[in-house]
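Residue numbers (this note's numbering), protein chains in the order written: chain V, 222 to 717; chain Z, 7 to 257.
Virtual Cβ for every residue (Gly too), placed ideally from N, Cα, C.
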Amino acid sequence: MADFEIPKLTEFQLIPHTKDGVMAHSQPYVAKPEFQESLGFPGELVDNWEEKAVEKLGDLVKGSRALQVFLDACVKCGACTDKCHYYLGTSDPLNMPVARQDLLRKVYRRYFTFAGKYFPKLVGAVDMSKDVLDQWYSYYHQCSQCRRCSVFCPYGIDTAEISMAAREIMDEVGQGQKYCNEIIGKVFKIGNNLGLPEPALVDTLEGLEEDVLEDDGVAVKFPVDVEGADVLVVTPSADFFAEPHIDGLIGYAKVFHAAGINWTLSSYASEAANFGMFIGSHANMQKVSLRIREAAQQLGVKRIVFGECGHAWRVAYSFLNTLAGPFDFLDPNYPVPQHIIEVTHDLIQRGAITLDKSANDEHRVTYHDSCNVARASRMGNIPGGQFVLPREVIKASVNHYYDMAPETVRESTFCCGGGGGLLTDDLMELRVKGAQPRMNALQHVVDEYDVNYLAAICAICKSQFAKVMPYYDFPMDMIGSVHGLVSNAIQLGVKE
Amino acid sequence: MSALGTTYSILFSIATIVLVVGLVRRIMLYARTPAPLKIPTTPAPITRGGVAVRMLKEVTIFESLFKSNKWIWLFGWIFHFALLLAFFRHLRYAMSPDNPLFTLISLELVQTAGKYGGYAMLIGLIGLFGRRIFVDRVRYISAPSDYLMLLLLLGIAGSGLLMTFVSHTDIVALKAFVLGLMRLDWQPLPADPILLVHLSLVLILMVVFPISKLLHAPGVFFSPTRNQADDPREHRHGGEWADRMKAAGGQ
Ligand code: HEM
Ligand code: SF4
Ligand code: SF4
Numbered sequence: 222m223a224d225f226e227i228p229k230l231t232e233f234q235l236i237p238h239t240k241d242g243v244m245a246h247s248q249p250y251v252a253k254p255e256f257q258e259s260l261g262f263p264g265e266l267v268d269n270w271e272e273k274a275v276e277k278l279g280d281l282v283k284g285s286r287a288l289q290v291f292l293d294a295c296v297k298c299g300a301c302t303d304k305c306h307y308y309l310g311t312s313d314p315l316n317m318p319v320a321r322q323d324l325l326r327k328v329y330r331r332y333f334t335f336a337g338k339y340f341p342k343l344v345g346a347v348d349m350s351k352d353v354l355d356q357w358y359s360y361y362h363q364c365s366q367c368r369r370c371s372v373f374c375p376y377g378i379d380t381a382e383i384s385m386a387a388r389e390i391m392d393e394v395g396q397g398q399k400y401c402n403e404i405i406g407k408v409f410k411i412g413n414n415l416g417l418p419e420p421a422l423v424d425t426l427e428g429l430e431e432d433v434l435e436d437d438g439v440a441v442k443f444p445v446d447v448e449g450a451d452v453l454v455v456t457p458s459a460d461f462f463a464e465p466h467i468d469g470l471i472g473y474a475k476v477f478h479a480a481g482i483n484w485t486l487s488s489y490a491s492e493a494a495n496f497g498m499f500i501g502s503h504a505n506m507q508k509v510s511l512r513i514r515e516a517a518q519q520l521g522v523k524r525i526v527f528g529e530c531g532h533a534w535r536v537a538y539s540f541l542n543t544l545a546g547p548f549d550f551l552d553p554n555y556p557v558p559q560h561i562i563e564v565t566h567d568l569i570q571r572g573a574i575t576l577d578k579s580a581n582d583e584h585r586v587t588y589h590d591s592c593n594v595a596r597a598s599r600m601g602n603i604p605g606g607q608f609v610l611p612r613e614v615i616k617a618s619v620n621h622y623y624d625m626a627p628e629t630v631r632e633s634t635f636c637c638g639g640g641g642g643l644l645t646d647d648l649m650e651l652r653v654k655g656a657q658p659r660m661n662a663l664q665h666v667v668d669e670y671d672v673n674y675l676a677a678i679c680a681i682c683k684s685q686f687a688k689v690m691p692y693y694d695f696p697m698d699m700i701g702s703v704h705g706l707v708s709n710a711i712q713l714g715v716k717e
Numbered sequence: 007m008s009a010l011g012t013t014y015s016i017l018f019s020i021a022t023i024v025l026v027v028g029l030v031r032r033i034m035l036y037a038r039t040p041a042p043l044k045i046p047t048t049p050a051p052i053t054r055g056g057v058a059v060r061m062l063k064e065v066t067i068f069e070s071l072f073k074s075n076k077w078i079w080l081f082g083w084i085f086h087f088a089l090l091l092a093f094f095r096h097l098r099y100a101m102s103p104d105n106p107l108f109t110l111i112s113l114e115l116v117q118t119a120g121k122y123g124g125y126a127m128l129i130g131l132i133g134l135f136g137r138r139i140f141v142d143r144v145r146y147i148s149a150p151s152d153y154l155m156l157l158l159l160l161g162i163a164g165s166g167l168l169m170t171f172v173s174h175t176d177i178v179a180l181k182a183f184v185l186g187l188m189r190l191d192w193q194p195l196p197a198d199p200i201l202l203v204h205l206s207l208v209l210i211l212m213v214v215f216p217i218s219k220l221l222h223a224p225g226v227f228f229s230p231t232r233n234q235a236d237d238p239r240e241h242r243h244g245g246e247w248a249d250r251m252k253a254a255g256g257q
């Protein structure tokens, strides 16, 4: 099944001994010149790239307190060394967060610190070189920017920030990553990651209306580009046709239908995902974000609601207001933006929708906290609401719910292994190995509680799990949307 | 006035300037460098007051480190707490008796705690050093400077303990030297080898502080993942630069 060794599942999460260089070969495809250029980056490695890279690094550090402090402050205490799922799954020491940071830090030190300029050997500083670039390309594409390391670092050093910076430098000198950059290109050209044009989108949604009518006997609408709707829903494009994402979209539609909320999708902003974050490019992240603002203004909606997507929720919750705000043209009674979980949760609380848990009795459910939701955003109005609300929505929809082990959920959650712009077939080995800690935790609840449904609220998690679970002998249809469960349980009133 | 006293007076004056100027510049750099986006590691407090409490817990009980790794926490915390105790104990050498805080610093409790804190410091440092040598992951990430930093501190603690418990130095003369330094009225320094080793190592520490990982001490307060409140929907953060970038057409 695979030309690499699939990690074993173990009773306890083992911390492996370091095995030098075992993942050095793992590199994603390099972006073609046309895709580089469409994002404003050089097509291929520029001549004086060493110089350019150092210069860009200097600029980035000047523009980011996070980078400046993180590069200076690490004391090499080692507390983060066993926190990354990629280290746990691969044993490659350069996948230890601090070692990953050091790949950039050693260059920073060489060119920008006294100690590194005059005593490079002493502090492990090195010149920018082809070897360094190679290491960057390998190992900054072995970080899913999940922020687990940041939770456990005494100074909150977030390797995700370092990875983003390194990727931006690589883009800037002409060595971008194919997967991310092609996808961003598609968003600018067509409106979504999948390159699904408007007519196809309309078609797909009509098909969904028919399916729901057939299955439930209720005319649930999937409106697109409806001017004057109250709510604009922005969701990852995977929701439009990939399983199990689509069940989530059907769930949102049913919730709006049952609550009598007038909503619409936009064919212009038909994508919640924002890969600009993965490549660390504020400019690209802003361009993608502004599409959502424009769509909201054009359609004259009062609220913006995001569908189930992890990093999209981070960008939406944490950055949208900065990048594309202020949103003073929207209804001030609702937070901007809102998460679909917040909407559904609120409706459940108010008794505005009714759920029949027994509809999900075949499912014994556990919940995977997605990194970006867990460690980079919030839901509701209390810290940690991002852990509480999804679980309450699930528990209102099912009778059998079981959490995974505490050290693997909430802010300690393990990444699915495919986040941060790594969800591409050229990184399959990394994705399978990086999923090991999550699969381990899942195995325990399967053994103990016969769990057969892994609920998630992130498009990347869903795709990644559907792909890697079979490597660990779990059925791929075990992964499902949270709103897929809501969809099964929601009561849509009298059948017509 | 002895040559020794003059030499050390000059060295300490220089080291103090390096330390203070270096630190102030670094802190200003941290304060002035923009934090374009909201990036607190969540769950995070949603108010400034909450952030202050989070920060206080980070710097007093090393909360994140505690969640992370009990051994590093134990050794690290012992070391830093002992450092604090030693710092208080040393204040007495730099304070004239008419300073209002002198009585406080001279309390038996402060002095004894500082005295035995030295042992605790050794234990903490040896523990941290041991991890660096014996845990393969930590060994992998250690540069020569990381070992040297621990050796430097071990040297300071060790020489200090020797003077406290084995071979006392002329503390009255030392105090006169320190006060002289502060009043720019240089005084002789006892020519005691252990004392000279102790002071020389401290000089090195002072000079290295602003150019090394010891910057974690001011750095922790500026770490955006820890010092930002989680309120991006309520308050538009960094709007100005974002609006400028927008006006510039996304470049
Ligand atoms: C605001 C004040 C400070 C805070 C919150 C703080 C916090 C920490 C923490 C959490 C660690 C990691 C755990 C460990 O290895 O001990 C650490 C390491 C360290 N700290 Fe501090 N520290 C502070 C001030 C200082 C000062 C003033 C010094 C030195 C004179 C110092 C020297 C060190 C050293 C050498 C290490 C690395 C230990 C190793 O090599 O393992 N710290 N600090
Ligand atoms: S936990 Fe933080 S300070 Fe410690 S080694 Fe990792 S990044 Fe550096
Ligand atoms: S952000 Fe996540 S993937 Fe990246 S180094 Fe930290 S723990 Fe590993």
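Out of V/D694, V/Y400, V/G406 and V/Q657, state which residue places its alpha-carbon closest to the alpha-carbon of V/G261. V/G406
Can you look up V/E559 in the DSSP assignment and give me helix, strand or coil? Residue identity differs from the one stated: residue 559 of chain V is Gln in this sequence, not Glu. Strand, per DSSP.
Beta-carbon proximity of V/M349 to V/A274, cut-off 8 Å: yes
In the structure shown, what three-state DSSP assignment does V/I236 receive? coil
Quick check: the Cα distance between V/A626 and V/V328, rounded to an integer number of angstroms? 39 Å
Can the beta-carbon of V/Q289 be found less than 8 Å from the beta-carbon of Z/T48? no
Return no unless some Cβ of chain A is closer than 8 Å to the Cβ of Z/I147. Checking the listed chains, one finds no chain A in this structure; the protein chains it contains are V and Z.
If you draw a straight line from the C-alpha of Z/A182 to the C-alpha of Z/Q193, how long is it? 7 Å
Output the distance between the C-alpha atoms of Z/Q257 and V/H566, rounded to the nearest integer angstrom. Its pLDDT being 43, under 50, Z/Q257 is placed unreliably in this model, and the value from its coordinates should be taken loosely. Approximately 39 Å between the Cα atoms of the pair.
Quick check on V/H362 - is its C-beta less than 8 Å from some C-beta in chain Z? no
Residue-chain proximity (Z/Y36, chain V), Cβ-Cβ < 8 Å: yes
Residue span of the beta strand (DSSP E) that contains V/G642, given as start and end: No beta strand (DSSP E) contains V/G642, which DSSP labels as neither H nor E.
Are the segment 526-541 of chain V and the segment 585-600 of chain V touching, with three or more C-beta to C-beta distances below 8 Å? yes
Could you tell me the distance, in whole angstroms, from the CA atom of Z/S148 to the CA atom of V/K297? 7 Å
Cβ neighbour criterion (16 or more within 10 Å) applied to V/E628: exposed
Exposed or buried, Z/I67, counting other C-beta atoms within 10 Å across all chains shown (16 or more means buried)? exposed
For a contact defined as C-beta to C-beta under 7 Å, what are the partners of V/C298 on chain Z? I78 and G82
Distance cut-off 7 Å: Z/K73 Cβ against heavy atoms of ligand 3: no
Identity of the residue in Z/L113, Z/T22 and Z/S165 nearest Z/M127 by Cα: Z/S165
Looking at the strands, I want to know which residues DSSP matches up with V/R524. V/V452
Ignore the nearest five residues each way along the sequence and tell me which others in V/P611's own chain have a CB closer than 7 Å to its CB. I562, Y588, I678 and V703
Could you tell me which uninterrupted alpha helix (DSSP H) segments, each at least 4 residues in length, are contained entirely in the segment 459-527 of chain V, listed from first to last along the chain? 459-462, 466-480 and 503-520
Proximity test, Cβ basis, 8 Å: V/F540 and chain Z: yes
Would Z/R31 be called buried (16 or more neighbouring beta carbons within 10 Å of its own) or exposed? exposed
Comparing C-alpha positions only, which one of V/L651, V/N709, V/L453 and V/L470 sits nearest to V/V557? V/L453
At a cut-off of 7 Å, would you count Z/D152 as near ligand 1, judging by its Cβ distance to the nearest heavy atom? yes
Straight-line Cα distance separating Z/M188 from Z/Y99: 11 Å
For Z/L180 and Z/P196, what's the separation of their Cα atoms in angstroms? 7 Å
Measure the CB-CB distance between V/W484 and V/V394 and report whether it falls below 8 Å. no
Local conformation of V/Q712 per DSSP, three classes: coil
Less than 8 Å between CB atoms is the rule here; does V/Y376 satisfy it with respect to chain Z? yes
Any heavy atom of ligand 2 closer than 7 Å to the beta-carbon of V/G299? yes
Would you say Z/A223 touches ligand 1, meaning its beta carbon is less than 7 Å from a heavy atom? yes
Any Cβ of chain V within less than 8 Å of the Cβ of Z/G244? yes
By how many angstroms is the C-alpha of Z/P46 removed from the C-alpha of V/K475? 34 Å
Leaving aside the five residues before and after Z/A92 along the sequence, list all residues of the same chain whose C-beta is less than 6 Å from its C-beta, in chain order. G120 and G123
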